[in-house]
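Numbering (the numbering used here), first residue to last: 254 to 845. Cβ atoms here follow ideal geometry from the backbone N, Cα and C, with glycine treated the same way.
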Amino acid sequence: MVSVLSSRQRNAVRLAMRYVAPYRWPALGALLALIVTAGITLSMGQGIKMMVDQGFMTQSPAMLNRSIGFFLILVVGLAVGTFARFYLVSWIGERVVADMRKQVFNHLINLHPGFYENNRSSEIQSRLTTDTTLLQSVIGSSLSLFLRNLLMVIGGIVLLFFTNPKLTSIVVVALPLVVAPILIFGRRVRSLSRLSQDRIADVGSYVAEALGQIKTVQAYNHQQQDKVRFAETAEEAFETARKRILQRSWLITLVIVLVLGAVGVMLWVGGMDVIAGHISGGELAAFVFYSLIVGSAFGTLSEVIGELQRAAGAAERIAELLQATSEIEPPTHDLLRLPERVSGQITLEDVSFAYPSRPERNAVDGFSLTIQAGETLALVGPSGAGKSTLFDLLLRFYDPQQGCVRVEGLPITQLDPLDLRRCFAMVSQSPALFFGSVEDNIRYGNPNATIEQVQAAARIAHAHEFILQMPDGYQTHLGDGGLGLSGGQRQRLAIARALLVDAPILLLDEATSALDAQSEHLIQQALPSLIKGRTTLVIAHRLATVQNADRIAVIDQGRLVAIGTHQQLIASNPLYARLAALQFNGYQEEVV
254 MVSVLSSRQR NAVRLAMRYV APYRWPALGA LLALIVTAGI TLSMGQGIKM MVDQGFMTQS
314 PAMLNRSIGF FLILVVGLAV GTFARFYLVS WIGERVVADM RKQVFNHLIN LHPGFYENNR
374 SSEIQSRLTT DTTLLQSVIG SSLSLFLRNL LMVIGGIVLL FFTNPKLTSI VVVALPLVVA
434 PILIFGRRVR SLSRLSQDRI ADVGSYVAEA LGQIKTVQAY NHQQQDKVRF AETAEEAFET
494 ARKRILQRSW LITLVIVLVL GAVGVMLWVG GMDVIAGHIS GGELAAFVFY SLIVGSAFGT
554 LSEVIGELQR AAGAAERIAE LLQATSEIEP PTHDLLRLPE RVSGQITLED VSFAYPSRPE
614 RNAVDGFSLT IQAGETLALV GPSGAGKSTL FDLLLRFYDP QQGCVRVEGL PITQLDPLDL
674 RRCFAMVSQS PALFFGSVED NIRYGNPNAT IEQVQAAARI AHAHEFILQM PDGYQTHLGD
734 GGLGLSGGQR QRLAIARALL VDAPILLLDE ATSALDAQSE HLIQQALPSL IKGRTTLVIA
794 HRLATVQNAD RIAVIDQGRL VAIGTHQQLI ASNPLYARLA ALQFNGYQEE VV
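Structure below.
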């Protein structure tokens, strides 16, 4: 197997084998059962020889009964050993893949968000499901078949030699003719297997993308175009798979022709020796049995090697995920810790940042600002000004290329990200809800909260009333992303979730953007109690929602261009004055 795999793929296979190591006792049990069943199968050749020479040829019922009895004992032993081997190997396969999926997920969920800018989440999902399922099949079946048939080939050739060296020479001559196509076609199958896995991932990615945005697809009557594009993607996957199947089919066909051709030649030579009296009929029968064992084992090996090559490609893809490193990690030295009670002071010092996917343009450029503990600061400006990017930097989803962000006077790059993020509660412009109950979604940031605390947060967010009207109240299960809820309902659940976290710093990314006028009015009434004692940063679409903020920061092209109160900015900043004139004079313009 090693000779037909590249060094990188051998490393990937070794990675998979490391997952088997903790289960060495079941693995040893499976290996023992495998050796026993292989030995019993090979012993059947001697049983056949005894049956022919001592049972049939002597025409003795007693000898025949003894031979049949020996054969039945072997069958019972083979059945018990096969049960043990199949159960243990299948258990190991399922156990190993479950462990692998957990480790991969645990690794992925800690990677910085920038990783997902350059890697499609649907492709990653395919690796976590499809590729690991393939590995489960290989570890739980194909690897066992490979080892068993390898033993059968080695043991069969040894017994062939002891049975009849002359006929064994025919088998030995045929072996290189069988191995050569395995090596040649195996390399082609390996490369096509990796490409096939990539194409399958593309299919899964397109499905996830289209169905995840089904309302947009149907709103623009884009179904036909999506059908065409998906058909092209599916056909590309099929064509790659067809090429792989063609190579494997040629491989299997060549092995069968060469093996059975060698068996035919051997039967002719052996038959002539039986007629000449050089060997007995039982010896020929045993030799034919061992030859078929060796031939079928070689045929199975050629098939299994193809599966192992596919698994090597899958293991390689999974290894790539595990080898991905997060750019946001706790410092290895000089680790600082925030105090137990955080006041909420934030400082940005000459911060510049560009997203990895758009390195040529700074989303934040030379930004400096200090937010005092307990202050409410509004961030306003046109779309793409960098307001949401500031939230990303505060939460340390990214590190700036220049400058420093501080919380409580401590540089956040010297903090454990988990320690930092406990200081924040956030409500985004498009709130994320998860599959589960309403209660679970509100409790998401504070799993230990009581139902009374959950309901109290929902009341402040004015979500309690509509929750009670749902079929099962707080236990009502939401669809994927909360698609069964209105935009305003989703937003209020997100506000309740942020309230329940009770963090000292509150980030509101236009938290009332999806609310109707009545709900927005209710939320505005609740905001004073919500922000009391907290540092609050509000990204504002509508200036009417932030007129009462302690200060308003005007941001344009990643720079802080002005800061002050509403009245001060109208008088001193043309950009803010223009935005205010457009909105307060009856015009509506989306500015974020």
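Member of the options whose CA lies at the smallest distance from the CA of residue i
{"i": "F336", "options": "L813, F323, L783 and V289", "result": "V289"}
{"i": "R594", "options": "V660, E573, K640 and D455", "result": "V660"}
{"i": "T818", "options": "R804, E582 and L295", "result": "R804"}
{"i": "T252", "options": "G698, A577, L285 and L295", "result": "Residue coverage of the chain in this structure runs from 254 to 845, which leaves residue 252 outside it and unanswerable."}
{"i": "G698", "options": "R348, G735, A678 and S390", "result": "A678"}
{"i": "D725", "options": "Q667, E692, L663 and V604", "result": "E692"}
{"i": "L630", "options": "P275, I758 and L835", "result": "I758"}
{"i": "G393", "options": "E573, G740 and Y272", "result": "Y272"}
{"i": "A751", "options": "T789, Q771 and G740", "result": "T789"}
{"i": "R239", "options": "I748, G741, S683 and L738", "result": "Absent from the model: residue 239. The displayed extent of the chain is 254 to 845, so no value can be given."}
{"i": "K355", "options": "G524, L575 and A815", "result": "L575"}
{"i": "L404", "options": "L284, V470, R482 and Q478", "result": "L284"}
{"i": "L760", "options": "L632, N372, T469 and G409", "result": "L632"}
{"i": "S375", "options": "A280, Q655, A461 and I558", "result": "A461"}
Buried versus exposed, by CB contacts within 10 Å (16 or more), residue i
{"i": "R674", "result": "buried"}
{"i": "Q820", "result": "exposed"}
{"i": "E370", "result": "exposed"}
{"i": "S256", "result": "With a pLDDT of only 49 at S256, under the threshold of 50, the placement of this residue in the model should not be trusted, and no figure is reported."}
{"i": "T493", "result": "buried"}
{"i": "G839", "result": "At G839, the pLDDT of 49 sits below 50, so the modelled position is not reliable; the number obtained from the coordinates is stated separately. It counts as exposed."}
{"i": "I720", "result": "buried"}
{"i": "A315", "result": "exposed"}
{"i": "M353", "result": "buried"}
{"i": "L648", "result": "buried"}
{"i": "V845", "result": "Confidence at V845 is low in this model, with a pLDDT of 38, below 50, so its placement is unreliable and the value that follows should be read with caution. Answer is buried; the Cβ neighbour count reaches 16."}
{"i": "S636", "result": "exposed"}
{"i": "H365", "result": "buried"}
{"i": "E569", "result": "buried"}
{"i": "G735", "result": "buried"}
{"i": "D587", "result": "exposed"}
{"i": "D384", "result": "buried"}
{"i": "A529", "result": "exposed"}
{"i": "R611", "result": "exposed"}
{"i": "S395", "result": "buried"}
{"i": "S379", "result": "buried"}
{"i": "T421", "result": "buried"}
{"i": "R831", "result": "exposed"}
Rounded Cβ spacing between residue i and residue j (contact assumed at less than 8 Å)
{"i": "S579", "j": "N363", "result": "6 Å"}
{"i": "I714", "j": "R743", "result": "Note that residue 714 is Ala in the sequence shown, not Ile. Not quite, the Cβ-Cβ distance comes to about 11 Å (not below 8 Å), so this is no contact."}
{"i": "A616", "j": "G639", "result": "5 Å"}
{"i": "E485", "j": "K302", "result": "Rounded, the Cβ-Cβ distance is 60 Å, inconsistent with contact."}
{"i": "I377", "j": "L388", "result": "About 16 Å separates the two Cβ atoms, so there is no contact after all."}
{"i": "A793", "j": "E763", "result": "7 Å"}
{"i": "S397", "j": "R338", "result": "7 Å"}
{"i": "L251", "j": "V680", "result": "Outside the displayed range of the chain (254 to 845) lies residue 251, so it cannot be described from this structure."}
Residues near residue i in its chain [Cβ-Cβ closer than 7 Å; skip 5 each side]
{"i": "T642", "result": "F606, A616 and V617"}
{"i": "R696", "result": "A702, V707 and L753"}
{"i": "L622", "result": "L601, A806 and L813"}
{"i": "L430", "result": "L511"}
{"i": "A626", "result": "S596, G597, Q598 and T788"}
{"i": "V357", "result": "L381, I571, L574 and L575"}
{"i": "L412", "result": "L295, G298 and Y543"}
Contact set for residue i: own chain, Cβ-Cβ below 8 Å, skip 5 residues either direction
{"i": "R495", "result": "none"}
{"i": "V516", "result": "V541, S544, L545 and G548"}
{"i": "I423", "result": "A515, V518, M519 and V522"}
{"i": "A490", "result": "S449, R452, I453, D455 and V456"}
{"i": "D856", "result": "The structure shown does not extend to residue 856, since the chain is modelled only from 254 through 845, so no value can be given for it."}
{"i": "R590", "result": "L668, D669 and D672"}
{"i": "F438", "result": "Q500, R501, W503, L504 and L507"}
Close-in-space but distant-in-sequence residues of the same chain around residue i (CB under 6 Å, 5 per side omitted)
{"i": "E843", "result": "Confidence in E843 is poor, its pLDDT being 40 and thus under 50, which makes the residue's placement too unreliable to answer from."}
{"i": "G847", "result": "The structure shown does not extend to residue 847, since the chain spans only 254 to 845, so no value can be given for it."}
{"i": "G330", "result": "I293"}
{"i": "L554", "result": "N402"}
Neighbour flag for residue i against chain B, beta carbons, 8 Å
{"i": "A793", "result": "Of the protein chains in the structure, only one exists, and it is not chain B."}
Cβ contact (3+ pairs, closer than 8 Å) linking the segment 687–695 and the segment 718–731: yes
The segment 556–566 in contact with the segment 445–464 per 3-pair CB rule at 8 Å: yes
Inter-stretch contact at 8 Å, needing at least 3 Cβ pairs: the segment 451–461 / the segment 573–587: no
Contact the segment 524–539 vs the segment 499–509: 3+ CB pairs below 8 Å: no
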